[in-house]
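Take a look at the structure below.
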Amino acid sequence: MNQLQSILEHNREFVANKEYESYITDKFPEKKMAIVTCMDTRLVELLPKAMNLRNGDAKIIKNAGAVISQPFGSVMRSLLVAIYELKAAEVFIVGHTGCGMAALNADRVIHSMQDQGISDEVLSTLENSGIKLRKWLRGFDNEKEGIIQTVNIVKKHPLLPPHIPVHGLLIDSTTGALELIIDGNNA
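Take 98 as the starting number for the sequence shown in the numbering used here and just add one per residue.
Written as structure tokens, this is what we have:
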């Protein structure tokens, strides 16, 4: 059985046994918070437990490195929707220790793309179209720097209401210990 078949089989049992009932909530975050965090697999269960979150408590937006690189990209749009439409009143940027985006090697990623069948012609076309892959694939030098940069992008966004606090935290990806980097209430 492949992954897809396994998931679908489990889902049929999950629904038939009404296991979903303990997760029923509405679309509004109970704790009125939106979180931008990394897609790292270690955080799937650890982050909510470490932050005392249950299903329905927060809007959690995940991407590589908990980075907002485009002020008008999809992550920032998601935050603004969480605030204006879903009543989130605080933003948390949560990076983590041992993040793969720290000192990400763009050349290595591009070589991996080539190894997996992306042609030099495609890469050249993108570069000639103004897409600077090495810049686009750049991470950050350290996790705290990434958190500070992202908090600043959110806090300075022209569409963010000035009263919304934007916090920056670093979670230890082994223990779940949280380190406060920026207290948005005092910024």
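For each residue, glycine too, the CB sits at the ideal point set by N, CA and C.
Use the C-beta contact count for residue 274: other C-beta atoms within 10 angstroms, 16 or more gives buried, fewer gives exposed. exposed
Report the CB separation of residue 251 from residue 190 in whole angstroms; it is logged as a contact under 8 Å. Residue 251 to residue 190, Cβ: 7 Å. Contact.
Taking the alpha-carbon positions, what's the residue 234 to residue 151 distance? 33 Å
Using the three-state DSSP reduction, which class does residue 134 fall into: helix, strand or coil? The answer is strand: DSSP assigns residue 134 an E or B state.
Taking its Cβ as the centre, do 16 or more other Cβ atoms sit within 10 Å of residue 264, making it buried, or is it exposed? Label assigned to residue 264: buried.
From the DSSP output, in three-state form, read off residue 228 for me. Residue state, collapsed to three classes: coil.
With residue 131 and residue 158 assumed to form a contact (beta carbons below 8 Å), what rounded beta-carbon distance in angstroms separates them? 7 Å
Do you know whose CA, among 147, 162 and 98, lies nearest residue 136's CA? Comparing Cα-Cα distances from residue 136 to each of 147, 162 and 98, the minimum goes to 162.
Would you call the segment 239–255 in contact with the segment 219–227, where contact means no fewer than 3 C-beta pairs closer than 8 Å? no
DSSP state of residue 169, grouped into three classes? Here residue 169 sits in coil by DSSP.
Just mark residue 193 as buried or exposed, buried being the case when its beta carbon has 16 or more other beta carbons within 10 Å. buried
If you follow the beta strand (DSSP E) that residue 157 is in, where does it begin and where does it stop? 155–160
Helix, strand or coil at residue 237 according to DSSP, with G and I counted as helix: strand
For residue 160, I'd like the list of residues in its chain whose CB is within less than 8 Å of its CB, leaving aside the five on either flank, ordered along the chain. If we look at residue 160 and ignore the five residues flanking it on each side, its Cβ neighbours are 133, 135, 136 and 172.
Pop quiz: residue 200 and residue 238 are said to be a contact at Cβ under 8 Å. What is the actual Cβ separation, rounded to whole angstroms? Sure, about 6 Å apart at Cβ, within 8 Å.
Near residue 278, what residues of its chain come up, given a Cβ to Cβ distance below 7 Å and the 5 sequence neighbours on each side ignored? 241, 244, 245, 265, 266 and 267
According to DSSP, is residue 254 helix, strand or coil? coil
Give the DSSP-derived three-state secondary structure of residue 195 in the structure shown. coil
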